[in-house]
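J.: Following our numbering, the numbering of the sequence shown begins with 3 at its first residue and continues without gaps.
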Amino acid sequence: MLVAKSSQHETRHLIDQLRAVGLDKYIELPQIAVMGDTSSGKSSVLSALSGITFPSSGNLTTRCPTQLILTQSKKFSGTVRLLRFDPAVESLPPTPIHSIDEVTTYIESITQQLVDEGQSISDDAIEIKLHGPDFPDLTLTDLPGLVRSVGDHEDKAMISRVDKLVHRYLVQDRTVILAVVPANVDMHNTAIIQAAEEADPDGVRTISIITKPDLIDQGAEDAVVDLLLNRTKYRRLGYHVVKCRGQKALNNNESIQQGRDNEAAFFDSHAVWSTVDKSLCGTGRLAEKLTRLLMDMVCKALPKVVAEIDVQLAACKDKLAILGEPMSTPAVRRATFMKNVRLVLDRLEGGVSGNYNDTLFEDTEYNNRLRARLRTAESEFQAAIEELSVVHASTVDTSTREVVVGDFVEVSIDGDVEWEVDQVTDVDGPTIVKTAKLSPNEWLHSSKWRFLPELDLSDLKHLMTSNRGDELPIFLSYSTFANVVRQRYVSKWRSPMLKLFETYQTLLRKFATRVIHSTKCKPKLEQHLKQVANTILEHLSNVAMVELDKIMETESRPYTLNQQLSQVLMRLRTQPLIDGLDALSRNNDANTVQAGAVKALLQSHTGIGKNTNEDQQAKELHLAIVAYMTVASKRFVDEIPMLLNTKYIRPFLSAMFNETSETPDGVLDRVLMDNMADLPQVADASTVSVERVLPTVVAETYVQLASCKDKLAILGEPMTTPAVRRATFMKNVRLILDRLEGGVSGNYNDTFFDDTDNRLRTRLGTAESEFQVAIEEVSIVDGTAALDMSTPEVASVGDFVEVFNGEWVMNGAGETIRDPNVKWDLDQVTQVETTSNEVLTAKHFKREWRDSSEWRFPPPTFANIVRQRYVVKWKRPMRALFETYQTLLLEFVTRVTGSMKCKPKLQAHLNHVARGMLESLSTAVLVELDKLIETECDPSTLNLRLGQVLLELRTKPLIVKLDVLSGNNDATSVSVGAMKALLKRHFAEETNSNEDLLVKELHLAIGAYMAAASKRFVDEIPKLLNTKYIQPFLSAVRNEASETSDQVLGQVLVDDVADVEQYETLSNQLKTLEAANTLINAHLFPSPY
3 MLVAKSSQHE TRHLIDQLRA VGLDKYIELP QIAVMGDTSS GKSSVLSALS GITFPSSGNL
63 TTRCPTQLIL TQSKKFSGTV RLLRFDPAVE SLPPTPIHSI DEVTTYIESI TQQLVDEGQS
123 ISDDAIEIKL HGPDFPDLTL TDLPGLVRSV GDHEDKAMIS RVDKLVHRYL VQDRTVILAV
183 VPANVDMHNT AIIQAAEEAD PDGVRTISII TKPDLIDQGA EDAVVDLLLN RTKYRRLGYH
243 VVKCRGQKAL NNNESIQQGR DNEAAFFDSH AVWSTVDKSL CGTGRLAEKL TRLLMDMVCK
303 ALPKVVAEID VQLAACKDKL AILGEPMSTP AVRRATFMKN VRLVLDRLEG GVSGNYNDTL
363 FEDTEYNNRL RARLRTAESE FQAAIEELSV VHASTVDTST REVVVGDFVE VSIDGDVEWE
423 VDQVTDVDGP TIVKTAKLSP NEWLHSSKWR FLPELDLSDL KHLMTSNRGD ELPIFLSYST
483 FANVVRQRYV SKWRSPMLKL FETYQTLLRK FATRVIHSTK CKPKLEQHLK QVANTILEHL
543 SNVAMVELDK IMETESRPYT LNQQLSQVLM RLRTQPLIDG LDALSRNNDA NTVQAGAVKA
603 LLQSHTGIGK NTNEDQQAKE LHLAIVAYMT VASKRFVDEI PMLLNTKYIR PFLSAMFNET
663 SETPDGVLDR VLMDNMADLP QVADASTVSV ERVLPTVVAE TYVQLASCKD KLAILGEPMT
723 TPAVRRATFM KNVRLILDRL EGGVSGNYND TFFDDTDNRL RTRLGTAESE FQVAIEEVSI
783 VDGTAALDMS TPEVASVGDF VEVFNGEWVM NGAGETIRDP NVKWDLDQVT QVETTSNEVL
843 TAKHFKREWR DSSEWRFPPP TFANIVRQRY VVKWKRPMRA LFETYQTLLL EFVTRVTGSM
903 KCKPKLQAHL NHVARGMLES LSTAVLVELD KLIETECDPS TLNLRLGQVL LELRTKPLIV
963 KLDVLSGNND ATSVSVGAMK ALLKRHFAEE TNSNEDLLVK ELHLAIGAYM AAASKRFVDE
1023 IPKLLNTKYI QPFLSAVRNE ASETSDQVLG QVLVDDVADV EQYETLSNQL KTLEAANTLI
1083 NAHLFPSPY
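#1: With Thr863 as the anchor, note down where its beta strand (DSSP E) starts and where it stops.
#2: Starting from Pro906, follow the alpha helix (DSSP H) in both directions and report where the run begins and ends.
#3: Would the beta-carbon of Ser276 fall within 9 angstroms of that of His242?
#4: Would DSSP call Tyr1031 helix, strand or coil?
#5: State yes or no: is the C-beta of Gly352 within less than 9 angstroms of the C-beta of Ala374?
#6: Residues bridged to Trp451 by DSSP?
#7: Flag this pair as yes or no: are the beta carbons of Leu372 and Leu509 separated by less than 9 angstroms?
#8: How far does the beta strand (DSSP E) with Ser771 in it extend, from its first residue to its last?
#9: Mind pulling the beta strand (DSSP E) runs of 3 or more residues that sit fully within the stretch 54-140?
#10: Could you tell me the distance, in whole angstroms, from the CA atom of Asp136 to the CA atom of Asn544?
#11: Spatial neighbours of Gly800 within its chain, please: C-beta separation below 6 angstroms, excluding the five flanking residues on both sides.
#12: Does Val548 come out as helix, strand or coil in the three-state DSSP assignment?
#13: Please state if the CB of Pro879 and the CB of Leu828 are separated by a distance shorter than 9 angstroms.
#14: Spatial neighbours of Asp18 within its chain, please: CB distance less than 7 angstroms, with the 5 preceding and 5 following residues excluded, ordered by chain position.
#15: Measuring CB to CB, does Val407 end up less than 9 angstroms from Val423?
#16: What is the C-beta distance between Ile194 and Leu148, in whole angstroms, given that I count them as a contact (C-beta under 8 angstroms)?
#17: Run through DSSP, which three-state label would Glu991 get?
#18: When we look at the beta-carbon of Gln425 and count the other beta-carbons within 10 Å, is it buried (16 or more) or exposed?
#19: What is the residue span of the beta strand (DSSP E) that Val487 lies within?
#20: Is any heavy atom in the ligand FAD found nearer than 8 angstroms to the beta carbon of Thr662?
#21: Going by DSSP, name the residue or residues bridged to Cys283.
#22: Counting Cβ pairs closer than 8 angstroms, one from the stretch 228-247 and one from the stretch 23-36, do we hit at least three?
#23: Whose C-beta lies closer than 6 angstroms to the C-beta of Val1020 among residues of the same chain, with five residues either side of it excluded?
#24: Are the Cβ atoms of Val633 and Asn564 separated by less than 9 angstroms?
#25: Figure out for me which residue from Cys523, Leu567, Met644 and Lys450 has the closest Cα to the Cα of Leu550.
#26: Can you check whether the CB of Ile123 is closer than 9 angstroms to the CB of Ile109?
#27: Check Asp165 in the structure and name its three-state DSSP category.
#28: Can you find the residues in the same chain that come closer than 8 angstroms, C-beta to C-beta, to Pro138, ignoring five residues on each side of it along the sequence?
#29: I want to know whether the stretch 38-57 touches the stretch 74-85 - three or more CB-CB distances under 8 angstroms.
#30: By the three-class DSSP mapping on this structure, what secondary structure does Gln830 have?
#31: Taking only the alpha-carbon atoms, compute the straight-line gap between Met572 and Arg652 and give it to the nearest angstrom.
#32: Name, in chain order, the residues that DSSP records as bridge partners for Glu835.
#33: Tell me, to the nearest whole angstrom, how far the beta carbon of Val393 is from that of Ile627; I am working on the premise that it is less than 8 angstroms.
#34: So, under 8 angstroms CB-CB, Arg14 and Val308 are touching, yes? Tell me the CB distance rounded to an integer number of Å.
#35: Given a cut-off of 9 angstroms on the beta-carbon distance, is the pair Leu928 and Phe884 in contact?
#36: Do Val805 and Trp857 have their CB atoms nearer than 9 angstroms?
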C-alpha cells in the first residue's frame, strides 16, 4: 500500500530524509554501506559510480561516513553539508554546489575541519546530494577503510575507532554490506570479509565487489572467476567485478569517463573476463544492480520502519512523561491565565451540574443552562427509544373463516361500542348466525358479530421454523429470539442514540465557546482556549463513539438479570384473560357469567384444542419479546446518558483543567502579549517551547501530548524558575486530588484502585453498615416487657442528671435549704465516685465533686427516657464510626501520596500537609458530632412516619390475637361475644387505671419515636462526616496547594543532575522520532496543493 501511494523515487528519498533528521541513530534504515580495507579501491568504485573525484592517495583518506545521494534528473544541482551525530550539536544547512568538480573541494574542506576539531575518525557524516542526467537513482554510504596499522606519528586509537564505526553499520539487519576487496589478495583473509561473515554468517545481505582484476597474476584468474560466479563461497546477493582507475591513472590525471571506457574495453578484450556473464562485470551494471537492490530493500523495510517509529515514539513519550518538559514564564502572566481558566472551569461545572448561580446563566438569549437542555434532549431520546421498542402485532384476518355451531363469538350490543361473548346456536351460510343468549331467535349478519380476536404471529412462526434446532417445541429458540430483538428493535436504537450524542456534542461545544467568550479575556487567549476545548472535544467524541458502539454491540445480544422480566412476562400472559373476564362481567366482579363463556375465553386465551405447538411457541416468543423490550429499553434509556456523562461531559472538564494547568510558558507568552516590547522575550522563550521542538506535529498529536504532559515533571526539567516548580507541584497535586476524589466518590477507574484496599468508599460503606446495625440494636424498645418507670440509685458515666447550680438559703424556720427560685439544670455525668455517689459533670461541675444533695435523676418523662436509655447509647457507635473514618482516610491518604512517583521531599511534604489538615478537621468534626448528640437529646421530629408506626404498634397485638382466635383463617366465623372479650382484654377496660394507660401509651410513643429517630441518626452521621470531614479535606488540599509559597516549593523540588541529563537525552530522541513521523505523514498523505 505504501509503494502504491508513492513512486520508488519518492520512497527512496523518504528514507534519505529520515536519515537526515537522525532517525538512523534509533531505528535501522535500509541502506547500502561501502566497506573495505584501507586502499581496497572503495573511493575509486564510488568515483566510477558517481562521477565524483574522491580524494585518494596511499594514506587514509576517509575520516567519516559519506552519504552519497544520487538522483537522475534533467538538470544538475546539488548540496553538501556536515551532519553532526550528536543531536545536541546543530547541523548547518546544506551548501549549494553548481558543478561536480566542487564536490572534491568540499569533501577535503569538511575532512580538514574534522581533523582540526581533533577527530581523526568521526561519527559525523558528510551528506552529498546530487541531481543530474548522468546519475543513477542510488544512495550509498562510504565508510572509512579498516586499518591494520598506523604510522609512527598517527593516533593508534584510530584502529579501534574505525572498527567501532564500521561495526555499527555491519550489525544492522537493514544494511547491505558492499564489501570491496582487491582481486590480487587472498580475499578470505581480508579484514572486511572476516567482519562481514561475523555480522552476516549466512551471507543474505552481503555483496562483494572485486576490484583491480588487472592486477591478478596471469593464469590465476580462474579462482577469482569461480568466486565471482558464486561457486566458492555462496552469497545470496552474489559478487560483482569492476576495474576502476588505479593510482597510476590518477597520477596521470585520467578522467572518470576515460576510466569507464578503459574498464569496458578491458572486460571486452581480456581473454578470461570477456567470457564471463556481462551482468557481473563493470561499473554501469553495478549501478543498475545496486539501484534495484536498494529499491527492493526500501519497499520491504519501510512499513516496518514506520511501525518501529510508532512504537519508539510512544515509548519515548512515556519516558519523557516521567521527566517533564522545559517551562519558563513570568508569574504575572501565569496568574492572569489561571484566573481566566478558573472562571471558565467554574462556569463549565455550573452548566454541567445544573448549578446556575452565576450571572452567565441569566442570559436568556442563548439559554446557557446546559444541564436543562441536555435533559430535554434525553427526554426526546427516551420517547424515541420507547416508541421503537413497542412490539406491534396485528390480528388474524377472519374474513374468510367459516363459522360453525358451537363457536364463541363477540356480539355487538351497543352499536359497535360494546361487545359481549356469546355462543353460536345456528348458522345460515358463512356470515349469518343465531346465538344462545343475545340473539336466540333473530339472525345476526356479519356486521353484528365477529370472531374473538387472535394475534397474527405467522412471521414469528416462519422464523422459528427456519431456525429450528434440537429444542422441544415447548421451549423458546434463543437464536430466533435474539435475531428478532436485534434486527427489529435494537438495531433501530442506533439512530436516536447518535442523535442524542450529536445533540450533546453541539450543545457542549457551543456552551464551551460561549463560556470562554464570557470571560472577556484577550482575543489570542480566547482563541487558544477555544482551540484547546475543540481539540479535547474532538478526541473525547472519538472515545465516546467507541463506547457507544460497544453498548450497541452488547445490546445486540439479549441479556438481563432484572427480575422485572419475569414479572412483566407473567402480567402479559394474564392480562388478556383479565380483560376478557372484565368484558364478560361488564367490569363488575359481583356479576355472574355463563360458564361456557368463561370456557370460551379460556380456550381463546390459551388456544386449547386449536393452537399447534408452533402457534403456542410463537405466542410465547411474542410475549417474551414484549417483556424483554420493556426491560431492555428502560435500561438503554438510562445507559446512554450515563455513559455520555462519564465518558464525554465529565472527562471534558477534567481534560480542560489538566490541559490548561499544564500550558507551556511559551504559549502563555504568545497569547498574553501586551505590547511589542515583549517580543524579544518571547523569541528567547520559544527556543525551548513545544512549538519549536515539534513545529508541525503538535496540532495532529495535541491530545497525545496532553496525555504525555499529565505525567511530565515527576522528576522535572531543571527547576530554574518558580513557575516551573509550581507547575510541577500542581501536576502532582492534581493527580493526588483525582485519586482522593476517586476513592471518596467510589469512582475506581484509576489503576490505583485495582488494589481493593484503596477503595475508600467501599470500606467506609462497610463501616457505615456496622454503625447502622449498632444504632438499630441499641434503639430497640422491647414491646413485650413493661416500661420501667423507676430511677437508678447510683449514677454512671454518661447519665443525664439535673444539677442544682444555685445558693443555699435560710427559710423561715431557720433551716438551710436550696434557693427555691433557682431551676435545676440538665447536665451529663463525666466521672463518678461510687462509694460516696459524688459526680463531676460536663458543664457545671467540671472540677468540683458534688454529692447527691446537689444532683438528681430527671423524672421519667418521654424526653428523659429517650435521652437516658437510648440516645446516650448512640455516642459510642458514633465515635467508633468516626474513628474508623479517621483511620481509613489517613491510611488512604498515605497510600495515595505513596503512589506518586515524585521527588521524595515533595512526597513527604504532601503527606505532612494532608495529615495536618486531617488533624485540624478531626477536632472540628468532634465538636459537630457532640452538637448533633446534644440535639438528639431533645426529642423532636416532623416525620409523618412517626404516627403510622404508632398506629401499627397499637393495632399489631390486636391483630395477633385475632389470628389466634380465628386459627389464622380470615374466613372463619367468630362469635360477637368472643370478639367483645378480645377487645376488652386488649384495651384492659376493667383492670387498667389511668396511670396504667398513660404508661402504656408512653411505651408505645417511645417505641415509635426510636424507630423514626434511629433511622434519621443513621443517615445524619455519615452525611455529617462527609460534609464536615471528607469534602472539607479535599477542598483544603486544593486550597493549600494553590497557596503554597515559592519558598516551600524551592525546598521540596530540588534539581537532580542525573534526571536533567536523562531528560535531555530523551528530549533529543523524541525530537528525532517526531520529525520522522512528520515526514512519514507528509509522504503517505501529500498535500494536493
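The beta-carbon is built from N, C-alpha and C at its ideal position, and this holds for glycine as well. Everything numeric in this text was worked out from a predicted model, so none of it was measured.
T.: On the basis of the data shown:
#1: Premise fails: Thr863 is in no beta strand (DSSP E) and is neither H nor E.
#2: Pro906 to Glu938
#3: No, Cβ-Cβ distance for Ser276 and His242 is not below 9 angstroms.
#4: If DSSP states are grouped into helix, strand and coil, Tyr1031 belongs with the helices.
#5: no
#6: Val413
#7: yes
#8: No beta strand (DSSP E) contains Ser771, which is instead part of the alpha helix (DSSP H) from Leu762 to Val780.
#9: 68-74, 79-85, 97-99 and 127-134
#10: 52 angstroms
#11: Val874
#12: Residue state, collapsed to three classes: helix.
#13: Against a cut-off of 9 angstroms, the Cβ pair of Pro879 and Leu828 comes out as no contact.
#14: Ile71 and Thr141
#15: No; because the gap between Cβ atoms is not below 9 angstroms, this pair is not in contact.
#16: About 6 angstroms; that satisfies the 8 angstroms criterion.
#17: The predicted model places Glu991 with a pLDDT of 43, which falls under 50 and marks its position as unreliable; any figure quoted below should be read in that light. It is coil, neither helix nor strand.
#18: buried
#19: Where Val487 is concerned, there is no enclosing beta strand (DSSP E), given that its DSSP letter is neither H nor E.
#20: Ligands displayed in this structure: none; no statement on the ligand FAD is therefore possible.
#21: Val243
#22: no
#23: Gln774 and Ile777
#24: Against a cut-off of 9 angstroms, the Cβ pair of Asn564 and Val633 comes out as a contact.
#25: Met644
#26: no
#27: helix
#28: Leu51, Leu72, Gln74, Ala289, Glu290, Leu292 and Thr293
#29: The stretch 38-57 vs the stretch 74-85: no contact.
#30: strand
#31: 41 angstroms
#32: Glu840
#33: Taking 8 angstroms as the upper bound for CB-CB distance, Val393 and Ile627 are in contact here, some 5 angstroms apart.
#34: Not quite, the Cβ-Cβ distance comes to about 15 angstroms (not below 8 angstroms), so this is no contact.
#35: yes
#36: yes
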